[in-house]
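Asker: Pasting a structure here, questions to come.
Here it is, written out as structure tokens:
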């Protein structure tokens, strides 16, 4: 980056520790503070789980009261969140029906470019083709699209060759089409989507943006996973939200990821996990003040430039970029929900066991996002320009999110029964001991009512049935939600606990590339 | 033409309102749920509404599809393939529990119900007509038991029943049938087992007499000592012992695992008699001064280390644990083979398993074999669903 570039970087983002990824990159008191923060989530999760076991043994009555309170809380939380899902479902449907091309007619958007970055590794040709074809079918002026196909040198010459082949095929369709090849082993980086994206941003700036003197403020950057297939009105919807938002250069724009590209081919387990992720994003669409960016999202190039294009040394780069922006802008940055879908792949493999392993690894990577909590709390202690209330609010809310992700399913479905098995003889003789499992079971059944809503919404978001698929599969799709208690434990709580425990012991994770569709 | 979407996102104000509403619901629901799960109920029976405390009974049965009554009220059957009933919302006081089925003997017990406490109890129901499996010396090629020299008017099973096919013939020819290996095994069991016509009490005093004479003359050798030693019958930490012409179930392990029926929750002797019966109060009185089998005080309860078994005032020819069960005892009495429970709260239910005066019993590998009038049977203890 040239000295000129640095001059545009926001003051706080110039700190040497602004892009810290782990404690080992710091020294002295800062290192100790960051290491402490890395330990906190794991300790909190394990202390909760062990605490409930110990309480069940030594103070079973208190443990039972806590479990009742927690079960009621869970029912109410389920209701609270389902209100968000249902509202967003309506909004999503409405946004999908709107003609965004008409909506933007009254706005002045001709000067704006869309920079679309597709980092990829070894994904098969049909995935990349499908993605670019979706882009070609967009209702937006394709001449205003700058497409970057960002290959990895690590993936070998075939990956780069495939990227150039794609440029040959689709290059003329867009205003600009750039292929970048991210070199392997750049010091200070970790292999993954974040470092590849970072490289692609700097390269496209050099190759297209600066030579064509395109103002950074006139570029909206969409960083998409390679399996992201946009809906035709995506860029219309995006530019409408950008131009009508209160603070467009201090906002990130988040679509709803629908993991539906291969939904009919995916197993029931994959579908449940994929739709669960979609539902969570739909909830966050209705509470953007509590959200961070996730997976594919969009933000102005100006904002990215002001922070030096994000971090190349983290696993959860999709959310980290938002936290970089929030902290560098002294808290003045927000997520704007588009409530408009993008289609992605559900995680699959050629075998059931492979699917299970892939889902587990993907969710462990996602839940390793807890590294962001360490980052934000660390910088909240440094950047006093962010309002104190906001710092506390975000730190507690994010902390609670990572804690509950790991502990709540285990508490609900396993530890809820702990006092019955571990409690004292005096406890076992009481009405409370006998009523506890009945009460917890009934409350969980009430909470499971939310699954019916999930099932209906999921079916409404399912793509049309391919001719070779049986109608019977609709029934399977409706009933697959009974797996949720198990998926919450095995693909949410346990990978989360795995990730937090690794961070707690300083066994830092690298980026694991989720395999896309396989033949 | 619309200029903007018609459906706005959920406003912060609306989310806050919903949040606080749910907080209020939580604060109201939590104490109500805790009160309910600890046994408090709202009673509308008296003139005004009042809050009452309740207790419960947890009853396990050894048969499916039995009818369970609390007083006059039949209890709803649990879900499929479960044989445990949790009866809740029971008012404080003494209640009668009845477990019955038309083809089974009825089990009845009176139990005291205390506030916030669930009383545990295990019911058992033996068949009204004993079910047996005949074991004959010869069997057909398909394994059917064969009875020889049987007249057409002969009733082979006068006091029992079998669901198995038997082959009865007036012939004595055995050439077309196979030797039954099980018969040989069972026969050897009876021939190797002492089938004394003396009761166990008489056998004990007899052996003690022999022991006394032996020790006053010459020292006993090891083999003789072994034959005079009382056989150890232990299961699940309970040992069966005979003493003073009575049979006792003696708890041999620590207080932590002691079966529920050894313990009482009230220490007043008058109250104990009222709650559990005079015989229990007497036992507590006796054990409270005993140095060999003392009463164990375990925080809020009083646990006896032994319970006397009800043998209906008859001589006992044989006793052992009921197959696969540590709570029930098999007693061969003067007029039949009985099953009794160790649990003496209220009373001990005792049910006849096989009636008669002239048969012998051997229990081997949790199977009950009977030899009567030269015929061998296995008594079936697990009753099939009607």
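Residue numbers (the working numbering), protein chains in the order written: chain A, 1 to 519; chain B, 1001 to 1386.
Glycine is no exception: its CB is placed at the ideal position from the N, C-alpha and C atoms.
1. Check whether the Cβ atoms of residue 338 of chain A and residue 254 of chain A lie closer than 8 angstroms to each other.
2. Counting Cβ pairs, one atom from each stretch, are 3 or more of them under 8 angstroms apart for the region 56-73 of chain A and the region 1031-1047 of chain B?
3. For a contact meaning CB atoms closer than 7 angstroms, what does residue 432 of chain A contact in chain B?
4. Any beta-carbon of chain A closer than 8 angstroms to the one on residue 1009 of chain B?
5. With contact counted as at least three CB pairs below 8 angstroms, one residue from each stretch, are the region 325-337 of chain A and the region 357-365 of chain A in contact?
6. Of the residues B:1136, B:1078 and B:1277, which one's Cα is nearest the Cα of residue 1184 of chain B?
7. List the endpoints of the continuous beta strand (DSSP E) containing residue 1112 of chain B.
8. May I have the straight-line CA-CA distance separating residue 469 of chain A from residue 260 of chain A, to the nearest angstrom?
9. Between residue 980 of chain B and chain A, is there a C-beta pair that is closer than 8 angstroms?
10. For residue 244 of chain A, does the three-state DSSP call read helix, strand or coil?
11. Applying the criterion that 16 or more other CB atoms from any shown protein chain within 10 Å of the CB defines a buried residue, is residue 474 of chain A buried or exposed?
12. Which residues, taken in chain order from the region 419-445 of chain A, show a beta carbon closer than 9 angstroms to some beta carbon of chain B?
13. Hey, residue 1308 of chain B and residue 1246 of chain B: beta-carbon distance below 8 angstroms or not?
14. Relative to the C-alpha of residue 38 of chain A, which candidate in A:376, A:243 and A:464 has its C-alpha closest?
15. Does the region 144-153 of chain A come into contact with the region 106-123 of chain A, if we say contact requires no fewer than three beta-carbon pairs (one atom in each stretch) closer than 8 angstroms?
16. Contact defined as beta carbons within less than 8 angstroms: I believe residue 572 of chain A pairs with residue 85 of chain A. What is the distance between those atoms, to the nearest angstrom?
17. Under three-state DSSP, which class holds residue 91 of chain A?
18. Taking just the CA atoms, how far does residue 422 of chain A sit from residue 122 of chain A?
19. Does the CB of residue 30 of chain A have a neighbour CB from chain B at under 8 angstroms?
20. Between the region 194-202 of chain A and the region 299-309 of chain A, can you find at least three pairs of beta-carbon atoms closer than 8 angstroms?
21. Just grab the DSSP bridge partners of residue 119 of chain A for me.
22. Would you be able to state if there are at least three C-beta pairs under 8 angstroms between the region 456-470 of chain A and the region 1142-1152 of chain B?
23. What separation, rounded to the nearest whole angstrom, lies between the Cα atoms of residue 142 of chain A and residue 228 of chain A?
24. Evaluate contact between the region 1081-1097 of chain B and the region 1108-1122 of chain B, counting only Cβ atoms and requiring at least three cross-stretch pairs below 8 angstroms.
25. If you draw a straight line from the C-alpha of residue 513 of chain A to the C-alpha of residue 188 of chain A, how long is it?
26. Identify, in the order they occur along the chain, each residue of the same chain with its Cβ nearer than 6 angstroms to the Cβ of residue 1225 of chain B, setting aside the five sequence neighbours on each side.
27. Only counting runs of 4 or more residues, tell me where the alpha helix (DSSP H) segments fall wholly within the region 356-384 of chain A, in order along the chain.
28. Beta carbon of residue 1111 of chain B, beta carbon of residue 1063 of chain B: below 8 angstroms?
29. Check the Cβ-Cβ distances between residue 1003 of chain B and every residue of chain A, and say whether any is below 8 angstroms.
30. Establish whether the CB of residue 1367 of chain B and some CB of chain A are separated by less than 8 angstroms.
31. Mind listing the chain A neighbours of residue 1264 of chain B? Cutoff is C-beta to C-beta under 9 angstroms, in chain order.
32. Between A:32, A:389, A:386 and A:139, which has its C-alpha nearest residue 506 of chain A's C-alpha?
33. With DSSP collapsed to three states, give me the class of residue 968 of chain B.
34. In terms of residue numbering, what span does the beta strand (DSSP E) encompassing residue 279 of chain A cover?
35. For a contact meaning CB atoms closer than 8 angstroms, what does residue 163 of chain A contact in chain B?
36. When the distance is taken between beta carbons, is residue 60 of chain A closer than 8 angstroms to residue 419 of chain A?
Answerer: For this structure:
1. Locating residue 338 of chain A in the first chain gives position 338, counting from the first residue. Locating residue 254 of chain A in the first chain gives position 254, counting from the first residue. Taking 8 angstroms as the Cβ cut-off, residue 338 of chain A and residue 254 of chain A qualify as a contacting pair.
2. yes
3. For the purposes of this step, residue 432 of chain A is taken as residue 432 along the first chain, with counting starting at 1. What residue 432 of chain A touches in chain B: 1037 and 1038.
4. Start at 1 with the first residue of the second chain, and residue 1009 of chain B comes out as number 9. Yes, residue 1009 of chain B counts as interfacial toward chain A.
5. no
6. In the second chain, counting from the first residue as 1, residue 1184 of chain B sits at position 184. Here the closest residue by C-alpha is B:1136.
7. Start at 1 with the first residue of the second chain, and residue 1112 of chain B comes out as number 112. It spans 1107-1113 - the beta strand (DSSP E) in which residue 1112 of chain B sits, taken as one unbroken run.
8. For the purposes of this step, residue 469 of chain A is identified with residue 469 of the first chain, where counting begins at 1. For the purposes of this step, residue 260 of chain A is identified with residue 260 of the first chain, where counting begins at 1. Taking the straight line joining both Cα atoms gives about 15 angstroms.
9. Examination of residue 980 of chain B is not possible in this model, given that chain B is present from 1001 through 1386 alone.
10. Taking the first chain and counting its residues from 1, the one referred to as residue 244 of chain A is at position 244. Looking at residue 244 of chain A - three-state DSSP - the assignment turns out to be helix.
11. Along the first chain, one-based indexing puts residue 474 of chain A at 474. So residue 474 of chain A counts as exposed.
12. 425, 426, 428, 429, 430, 431, 432, 433, 434, 435, 436, 438, 439 and 443
13. The residue labelled residue 1308 of chain B in the question sits at position 308 within the second chain. The residue labelled residue 1246 of chain B in the question sits at position 246 within the second chain. For residue 1308 of chain B and residue 1246 of chain B, yes; Cβs fall inside 8 angstroms.
14. Within the first chain, residue 38 of chain A is the residue found at index 38, counting from 1. For the residues A:376, A:243 and A:464, the minimum Cα distance to residue 38 of chain A belongs to A:376.
15. yes
16. This structure cannot speak to residue 572 of chain A, because chain A is shown only from 1 to 519.
17. Your numbering for residue 91 of chain A matches position 91 in the first chain. Residue state, collapsed to three classes: helix.
18. In the first chain, the residue the question calls residue 122 of chain A occupies position 122. In the first chain, the residue the question calls residue 422 of chain A occupies position 422. Going by the C-alpha atoms only, they are around 50 angstroms apart.
19. For the purposes of this step, residue 30 of chain A is taken as the residue at position 30 of the first chain. False, the Cβ-Cβ gap to chain B never drops below 8 angstroms.
20. yes
21. Here residue 119 of chain A refers to the residue found at position 119 of the first chain. A:150, per the DSSP bridge assignment.
22. no
23. Translated into the one-based positions of the first chain, residue 142 of chain A becomes position 142. Translated into the one-based positions of the first chain, residue 228 of chain A becomes position 228. Roughly 17 angstroms separates the two Cα atoms.
24. yes
25. As a position in the first chain, residue 513 of chain A is number 513, starting the count at 1. As a position in the first chain, residue 188 of chain A is number 188, starting the count at 1. Their backbone Cα atoms lie some 19 angstroms apart in a straight line.
26. Here the question's residue 1225 of chain B lines up with position 225 in the second chain. Low local confidence applies: a pLDDT of 42 at residue 1225 of chain B is under 50, so the model's placement there is unreliable, and no value is given.
27. 371-380
28. For this step, residue 1111 of chain B is matched to residue 111 along the second chain. For this step, residue 1063 of chain B is matched to residue 63 along the second chain. Cβ distance not < 8 angstroms, so residue 1111 of chain B and residue 1063 of chain B don't count as in contact.
29. As a first step, residue 1003 of chain B is located in the second chain; it is residue number 3 there, counting from the start. Yes, residue 1003 of chain B counts as interfacial toward chain A.
30. For the purposes of this step, residue 1367 of chain B is taken as the residue at position 367 of the second chain. Chain A contact via Cβ: absent.
31. What you label residue 1264 of chain B is simply residue 264 of the second chain in a count that begins at 1. Chain A residues near residue 1264 of chain B: none, gap ~12 angstroms exceeds 9 angstroms.
32. Position 506 of the first chain holds residue 506 of chain A. Here the closest residue by C-alpha is A:32.
33. The shown model of chain B, from 1001 to 1386, leaves out residue 968 of chain B, and the question about it has no answer.
34. Here the question's residue 279 of chain A lines up with position 279 in the first chain. Note, residue 279 of chain A: premise wrong, no beta strand (DSSP E); alpha helix (DSSP H) at 268-285.
35. Here residue 163 of chain A is taken as the residue at index 163 of the first chain, counted from 1. What residue 163 of chain A touches in chain B: nothing, since even the nearest Cβ is about 37 angstroms away.
36. Looking up residue 419 of chain A in the first chain gives position 419. Looking up residue 60 of chain A in the first chain gives position 60. Cβ distance < 8 angstroms, so residue 419 of chain A and residue 60 of chain A count as in contact.
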